[in-house]
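Below: one structure, written as structure tokens.
Here you go:
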């Protein structure tokens, strides 16, 4: 008995058409120029509702499942495209490295008995006029072993799930009604090459269509549209493959026109007559042309041309095929820098920097099927946040994404659908499949599939051999095959990360370098241009130190950008028990299924495409107009045009000088800057004088003067802020603290009370917490949860990845059950001074001094003290005080860095200003709840009632940091969600074997995250305010070991002090005056 295709390594494509460029035929030129497949009379979309039958085990498939008459089967329904797991069938699993179907000891090509099979069935009509043409059935993408049956007969088989499978079906169909049945095995031998870091889902993921062509037709074509050595004139070559499936030879004429895609003006045309093609044979024809002063394609100016191919016979055109191309040229050369030769990739003669991100196919509603609406939303965000490049990770995307990138200007890494990460990288037999000759055929098949369908797209700037699949003989062969095709073509770079410095990569495309590595490679040079294919892991609250990496990239010519991992959090939409929506991730489905937890939640945007706050940091560092203070004391600033092909005539550059948040003047900068040019400007601010509580800022803003694709007129594309060197005058010492009756003191074994008819301040000696703060009858503390030390934050994903929660757990302990070692007070004329000392671990201490004034103001001094014997680690997550105020005080105003959340190592994009918001708006819904909403470099902060009501003003002595959220730190801390399950990996494969799972709660404490989601977060009846000296940075070079850089951490062997004044206010209009006052 022969091995079934789905189990056979070499059976990758049975009766399937050789891959080709994605195109369809039209009858007339006008329709062709609309460039919409749906407008072709020879294209029928079969998406929609199909009949569906599902089994978990192949042995349970009915024997007649694919026959023509099987109505006795209990068919359900399913929507196509869309993965079956998100439609109620099977278990959605997510793993990163290991194979979900064989997480321990994978032995290719063996597969588990549990191998879900989905059977799709629908009727379709074939127009009678099509019977004289070639009729093709195409499945755009299906996971993973695809059998096609039409009218009960087997048509063919395909395994590459991320490339179209086309089948010639003439001999299987008839005019009128026909039945197609698709039998799809979730796992096949090909699954060993599809171990990508994403949801492991089954079913149809892209469009299913019928299309037809004449028997004598254009089978494929290869467009080479490059530039001469001066980057002025175009070199155009067009190779067309003609196929004759008629029973007799045909004499045809093939012609082409090259049209400007905007003006539709013909810039070139040619034709070849009397082309004779014998029956069931093919022939190639070639056109070449030099085109003067061609419009060049780049991400900045995506100029496209239409290639219109026309096939005619006896003077009558009977097939028209359109395609869009762009003229561009790539070459690797060297440039002189710092006395050395540096390798660079030139694009149209310029060392373009690739501001990229990896993108997966993800739709929170359907799984891997991405709608046109989502595609266009992605494109809009990419453009607005200054991205110019995409890595299609780790497979070719749908043709419509290539089209969008062509049209709107995105440099693309087109990557083969190959990843065998679960086999490791060992080159010996039975390890990496990349060095196993038995797997050469599937490696080569997937390489050809990727290349042939994407070769003609202007956007394709790089080819990638695959991802995390080891190296070896198979990748040597695929590199050589691609090189042979490209040497005489566009000559685009062919890259592969696992090749590292080996010969089968044209560039060094490392993963996850840190800023220090980039700086070292920039300083010392490299043999190849460097563009990290993955960097700055965007998992949860991340992307720290992004600015440091980009300082190196802009500095050194061999560093030419990188691709962030990755674009979108891969959460699936769900509704919780409380009726609230949330997004799922690994481990949320099935019982003890293999899982890497929320490691697939590592995007720059949420599943619904809401940008993460870090996107502002990315936008700022990607921005194409830069500003630098050359000599700020004398008002000298440098403006740099970072574009490579664009001057700034379509942009408005303005600067504003502000006194705090008040604009003193705004000027437009009249400057002409060509690509990569810099000029200095002088701004006179000699008229500015020191004032109390007043800082002066120079704010630059660049906006569009016209509408760009996805970017409206007036949109800010770049900004910067510089604090001018005019220090504030000293605050006015005030005697307002005396405005009130004399304060009294009452002390018991448990409490210390400072009170009058106006003020009440109660400190609980046993709990170490201020339990009441009342002024003029208004209680500002909720549930007796008042001022108290806090050294803990809810761990972000990078904290968990580097072991922080366990390593630094002592500081969480120190934030509860306080050890009050002393309470001292003295009474002064206008205030009572209360000093509390807290004993901390390893002889550390925390001293808080409160001066409670007659008018209700409270001056706070906090001092963290380290003994001489202290060690730097464990680092302290934060140092500060926290308290809870009533929910009614949820309006928040502050003067500091904003508006987005920002952190010690991620705030270069933020701007100091006066912001008015609310506690609810300061919360960001990371898919797995964690630390969020923090703000640094804050001068003052107010929480108050809406409609200009009462509240508290916190006026900092120097700079402070804060959170003000409608939830507690504990709400966002996974370890405190004791009712939620752990994120166990289950890589011992208890899911498939049925053996008991190896779950150890004791070992998991403070190590494993929990299945924690945003529906677990509900606003509380309070606002928790954290007033910090500092909170450590978020890190983000990677999320599995990278720690916060030492300069952004709080070392436990140092002393720290800060202070602020708490002032009751009756109206936020009082803030402006009160921040000028000093309480002593």
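Numbering (UniProt numbering), first residue to last: 1 to 1080. Here a beta-carbon is modelled for each residue, glycine too, at the ideal position from N, C-alpha and C.
Can you give the Cα-Cα distance for residue i and residue j, rounded to whole angstroms?
| i | j | result |
| --- | --- | --- |
| residue 27 | residue 324 | 18 angstroms |
| residue 304 | residue 273 | 28 angstroms |
| residue 911 | residue 889 | 25 angstroms |
| residue 998 | residue 990 | 8 angstroms |
| residue 871 | residue 864 | 14 angstroms |
| residue 654 | residue 672 | 13 angstroms |
| residue 300 | residue 914 | 35 angstroms |
| residue 276 | residue 316 | 16 angstroms |
| residue 131 | residue 51 | 26 angstroms |
| residue 563 | residue 856 | 54 angstroms |
| residue 334 | residue 344 | 6 angstroms |
| residue 961 | residue 683 | 31 angstroms |
| residue 546 | residue 479 | 32 angstroms |
| residue 691 | residue 1074 | 14 angstroms |
Just confirm the distance between the C-beta atoms of residue i and residue j, as a whole number of angstroms; I'd bet it's less than 8 angstroms.
| i | j | result |
| --- | --- | --- |
| residue 705 | residue 650 | 5 angstroms |
| residue 327 | residue 234 | 4 angstroms |
| residue 392 | residue 353 | Going by Cβ atoms, the distance from residue 392 to residue 353 rounds to 19 angstroms, so no, they are not a contact pair. |
| residue 543 | residue 569 | Between residue 569 and residue 543 the Cβ distance is about 13 angstroms, and since that is not below 8 angstroms, they are no contact. |
| residue 285 | residue 254 | 6 angstroms |
| residue 101 | residue 137 | At roughly 28 angstroms, the Cβ-Cβ gap does not stay under 8 angstroms, so residue 101 and residue 137 are not in contact. |
| residue 98 | residue 92 | Contact flag wrong, Cβ pair sits at about 16 angstroms. |
| residue 209 | residue 449 | Contact flag wrong, Cβ pair sits at about 17 angstroms. |
| residue 472 | residue 394 | About 18 angstroms; that fails the 8 angstroms criterion. |
| residue 1066 | residue 950 | 6 angstroms |
| residue 140 | residue 190 | The Cβ separation is near 16 angstroms, so there is no contact. |
| residue 332 | residue 506 | 6 angstroms |
| residue 722 | residue 632 | 6 angstroms |
Residue i and residue j: beta carbons closer than 8 angstroms?
| i | j | result |
| --- | --- | --- |
| residue 1060 | residue 885 | no |
| residue 610 | residue 417 | no |
| residue 970 | residue 979 | no |
| residue 143 | residue 186 | yes |
| residue 180 | residue 133 | no |
| residue 532 | residue 342 | no |
| residue 881 | residue 781 | no |
| residue 733 | residue 1078 | yes |
| residue 934 | residue 967 | no |
| residue 1031 | residue 541 | no |
| residue 13 | residue 445 | yes |
| residue 386 | residue 612 | no |
| residue 939 | residue 896 | yes |
Does residue i pass the burial test, meaning 16 or more other C-beta atoms within 10 Å, or should it be called exposed?
| i | result |
| --- | --- |
| residue 362 | buried |
| residue 488 | exposed |
| residue 348 | buried |
| residue 18 | exposed |
| residue 862 | buried |
| residue 868 | exposed |
| residue 687 | exposed |
| residue 876 | buried |
| residue 1052 | buried |
| residue 422 | buried |
| residue 162 | buried |
Does residue i come out as helix, strand or coil in the three-state DSSP assignment?
| i | result |
| --- | --- |
| residue 796 | coil |
| residue 374 | helix |
| residue 1068 | helix |
| residue 503 | coil |
| residue 992 | helix |
| residue 628 | strand |
| residue 433 | helix |
| residue 814 | coil |
| residue 86 | helix |
| residue 143 | strand |
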